[in-house]
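Asker:
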Amino acid sequence: MQLPIQPPFPPMEARNAARLPEGNDWIYEPKWDGFRGLAFRKDGEVLIQSKAGQPLGRYFPELVEALQGLPPKQFVLDGEIVILSGGHLDFNALLQRIHPAESRIRKLSKETPVTFLCFDLLVDNGGHVQTDRSLKERKEALVQFFEEIPKKGTVRLSPYTSDLPVAERWMG
10 MQLPIQPPFP
20 PMEARNAARL
30 PEGNDWIYEP
40 KWDGFRGLAF
50 RKDGEVLIQS
60 KAGQPLGRYF
70 PELVEALQGL
80 PPKQFVLDGE
90 IVILSGGHLD
100 FNALLQRIHP
110 AESRIRKLSK
120 ETPVTFLCFD
130 LLVDNGGHVQ
140 TDRSLKERKE
150 ALVQFFEEIP
160 KKGTVRLSPY
170 TSDLPVAERW
180 MG
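So the number in this note's numbering is just where the residue sits in the sequence shown, counting from 1, plus 9.
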């Protein structure tokens with residue numbers, strides 16, 4: 010796969026803080042209860058990488074298929090693989106998806122399909138690396154990337170805000 014960023018690639022990590030920082034330059038995101046994943050696509054080839062750099066695609070065939078079906082033909086997205094069940098995240102169902110048997114993986118991919126909540130764009134559909142840009146600029150590029158993608162599909166834009174009270178509500 011010929012992309013300017015090659016797997017394994019270390020994802021950027023948020024920092025823990027006792028309380029949310031304040032200021033106009035901050036961008037806040039919800040914390041998802043899932044598996045961190047980087048999705049690499051070049052034409053028909055897709056690779057999903059875990060935070061530790063391990064391939065995850067075999068466990069989530071419906072996500073591989075969804076990524077292959079997106080209009081952009083090349084990209085690297087950073088996000089969280091989750092299972093949404095009854096309006097809530099189901100981490101236990103997600104854990105069940107990491108199984109050695111191909112038949113079980115196929116069965117669970119239909120019974121408990123995953124959603125990929127994307128919060129960063131590392132390579133855009135033009136093949137340009139975005140990691141040297143500010144987070145705000147990458148978020149703007151990510152929103153633009155998602156303009157041609159169905160809103161309620163398997164691959165979705167993760168919400169974010171610069172509004173501290175909204176972020177505090179997310180934190181519960």
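C-beta atoms are modelled at their ideal positions from N, C-alpha and C, and glycine is treated no differently.
Grouping DSSP H, G and I as helix and E and B as strand, with all else coil, what is residue 32?
Answerer: Note: residue 32 maps to coil in three-state DSSP.
Asker: For the beta strand (DSSP E) holding residue 57, just list the boundary residues, first then last.
Answerer: First-last of the beta strand (DSSP E) with residue 57: 54-59.
Asker: Kindly list the residues whose CB is nearer than 6 Å to the CB of residue 122, restricted to its own chain and excluding five residues on each side of it in sequence; keep chain order.
Answerer: So the list reads 71, once near-sequence residues are dropped.
Asker: Quick one: residues in its chain with C-beta nearer than 7 Å to the C-beta of residue 170, no 5 flanking neighbours on either side, listed in chain order?
Answerer: Closer than 7 Å at the Cβ level, and outside the excluded window around residue 170, lie 37, 176.
Asker: Which residues mark the beginning and the end of the beta strand (DSSP E) in which residue 89 is found?
Answerer: Residues 83-91.
Asker: From which residue to which residue does the alpha helix (DSSP H) around residue 147 run?
Answerer: First-last of the alpha helix (DSSP H) with residue 147: 144-154.
Asker: Hey, residue 167 and residue 88: beta-carbon distance below 8 Å or not?
Answerer: Yes, the Cβ-Cβ distance between residue 167 and residue 88 is below 8 Å.
Asker: Among residues of its own chain, excluding the 5 on either side of residue 57, which ones have a beta-carbon nearer than 6 Å to its beta-carbon?
Answerer: So the list reads 46, 48, 65, 66, once near-sequence residues are dropped.
Asker: I'd like to check one pair, residue 126 with residue 35: are the Cβ atoms closer than 8 Å?
Answerer: No, these two residues do not count as a Cβ contact at 8 Å.
Asker: Cα separation between residue 97 and residue 91?
Answerer: Taking the straight line from one Cα to the other gives about 10 Å.
Asker: Rank 54, 17, 28 by C-alpha distance to the C-alpha of residue 179 and give the top, closest one.
Answerer: Selected option, being the one with the closest Cα: 28.
Asker: CB residue 14 to CB residue 164, shorter than 8 Å?
Answerer: Not a contact, by the Cβ cut-off of 8 Å.
Asker: Between which two residues does the beta strand (DSSP E) holding residue 72 run?
Answerer: Looking at the DSSP string, residue 72 is not in any beta strand (DSSP E); the run it does join, the alpha helix (DSSP H), is 70-77.
Asker: If you check the beta carbons only, do residue 86 and residue 51 fall under 8 Å apart?
Answerer: Contact flag unset, no.
Asker: What residue does the beta strand (DSSP E) around residue 132 start on, and which one ends it?
Answerer: That run of the beta strand (DSSP E) goes 124-132.
Asker: Give me the DSSP bridge partner(s) of residue 94.
Answerer: Answer is 97, bridged to residue 94.
Asker: I need the straight-line Cα distance from residue 24 to residue 30, nearest angstrom please.
Answerer: Distance between the alpha carbons of residue 24 and residue 30: 11 Å.
Asker: Looking only at its chain, what residues have a beta carbon closer than 6 Å to the beta carbon of residue 140, apart from the 5 residues adjacent to it on each side?
Answerer: So the list reads 131, once near-sequence residues are dropped.
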